[in-house]
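Visitor: Residues in the sequence shown are numbered from 30 upward in steps of one, following my numbering. Yeah, the Cβ is synthetic: ideal placement off N, Cα and C, and Gly gets one too. These numbers come from a predicted model, not from an experiment.
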Amino acid sequence: MKGLVPQSVRERIPPAVKERIRNLLGATVSPFPSVEDDSTPVTDILAARGIQLRRLTAYRRENFPEDGPGMWLDAPDAELRIDARLRAGLITADEAEQCRKFTRDGYIIVEKLFDDAFLDRLWDAFLRDIQAGRVPLEPEKPGEDRSEWGRVLNIHNYVPEMKELLFHERLKQRVSLLVGREAIPFQTIPAFRGSEQLPHSDAIHMTTYPLGFLSAAWVAFEDIHPDSGPLVYYPGSHRLPYFLSKEVGIGPSEFKEQGRNPYTNRYEPFIQRKVEELGLKPAYFTPKKGDVLIWHHNLLHGGSPRRVRSHTRKSVVCHFYASNVICYHDLSGDPAGVGVKA
């Protein structure tokens, strides 16, 4: 059963059951379509197209093939695929509805996925390790609301308890359902306050070959106030083309030579123009503690303005890429990882 459930589970399904599922669905709609087939190693897919990773001078979208296995919920017949899997008993009615929303809007919201005690224990551990000097926080910018807390990437590398969030089975299962493959925990980004980051797609920072096999989960560690600068996102924007470095005119070496300047001066204005030209309508995530928003790789999102500067916005973003893909940073041209099946 390729592309539907983790490899470890597929191997335990008897052949007779697999055949019965195929018969139930009929020949016209298969639950194992090749479009999201993950049985062939991605390195072999690339080699068949004349590409060897060790010979790439930069990991950039233009250096990878245009074709390749696609994420199942990005397929034109995604609704049919969802219905087929529901009829076969491979997903529940609730999961089918989540898949439909993800296909249509590019995100889902899961209420109270985590309880307060779990989140409090993790946040207390975070503060403990900050105070002990074990977390290399970047200093915050000067301002009226400046605090001793800054930003840090991959907090799970410094605070062991945060690994419990990134590797939490309930979270991984939700992401695996949506991307159609085993979700591989990749990155964490905690925040004390709203980022006020301008709209962007995660793909400009973390890209996959094939495209679309990455997802993010924004976990609220407190009730989020509307004036705190909540997460802003643009429903349906995941269906836009992928606007990466080449599309906005950032050369292969510019990011390493000039830092964030090309991103700030070219990518951000480009995306802002697209939002205005297309009349994209924003939505704001003001969740209760324990709620989670999971979004598509290409969904435009950012941090809205903080109307009350003293409000916190305690949260952790977790990123996942799918098994059997290449994950890389299109801006820098550096590889991030190669997904392997469980």
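Give me the residue from Ala146, Tyr238 and Trp324 with the minimum Cα distance to Ile355.
Guide: Nearest C-alpha to Ile355 among Ala146, Tyr238 and Trp324: Tyr238.
Visitor: Going by C-alpha to C-alpha distance, which of Leu360, Ile159, Thr86 and Cys128 sits closest to Ile16?
Guide: In the structure as shown, the chain starts at 30 and stops at 371, and residue 16 therefore has no counterpart that could be examined.
Visitor: Got a sec? Which residues, its chain only, sit under 6 Å from Leu227 by beta carbon, not counting five neighbours each side?
Guide: Glu297 and Gly331
Visitor: Starting from Pro2, trace the beta strand (DSSP E) in both directions and tell me its first and last residue.
Guide: What the structure shows of the chain is the stretch from 30 to 371, and residue 2 is not part of that stretch, so it cannot be assessed.
Visitor: Measure the Cβ-Cβ separation of His326 and Ala249 and say whether it is below 7 Å.
Guide: no
Visitor: Which full runs of the alpha helix (DSSP H) of 4+ residues lie inside the stretch 105-174, going along the chain?
Guide: 107-116, 122-134 and 145-160
Visitor: For the structure I just gave you, are there three or more beta carbon pairs, one from the stretch 132-145 and one from the stretch 255-271, closer than 8 Å?
Guide: yes
Visitor: From the DSSP output, in three-state form, read off Ala87 for me.
Guide: coil
Visitor: Apart from the five residues on each side of it in sequence, which residues of its chain come closer than 7 Å, Cβ to Cβ, to Asp363?
Guide: Tyr88 and Tyr357
Visitor: Less than 7 Å between C-beta atoms, sequence neighbours within five positions excluded: which residues of the same chain meet that for Arg289?
Guide: none
Visitor: Give me the Cα-Cα distance between Tyr271 and Gly79, rounded to the nearest whole angstrom.
Guide: Between the C-alpha atoms of Tyr271 and Gly79 there is a straight-line separation of about 23 Å.
Visitor: Which residue comes first and which comes last in the beta strand (DSSP E) that contains Val277?
Guide: Per DSSP, Val277 belongs to no beta strand (DSSP E); it is in the alpha helix (DSSP H), Ser274 to Val277.
Visitor: Can you tell me whether DSSP reads His267 as helix, strand or coil?
Guide: helix
Visitor: Can you say whether Phe93 is buried or exposed, counting buried as having 16 or more other CB atoms within 10 angstroms of its CB?
Guide: Under this definition Phe93 is a buried residue.
Visitor: Assuming Ile300 is part of the alpha helix (DSSP H), what are its boundary residues?
Guide: Glu297 to Leu307
Visitor: Taking the alpha-carbon of Leu160 as reference, which of Asn183, Tyr187, Ala146 and Phe147 has the nearest alpha-carbon?
Guide: In the sequence on display, residue 160 carries Gln and not Leu. Among Asn183, Tyr187, Ala146 and Phe147, the Cα nearest to that of Gln160 belongs to Tyr187.
Visitor: By Cβ distance below 6 Å, which residues in the same chain neighbour Val321 in space, the five residues on each side in sequence not counted?
Guide: So the qualifying residues of the chain are Val139, Leu142, Ala246 and Val248.
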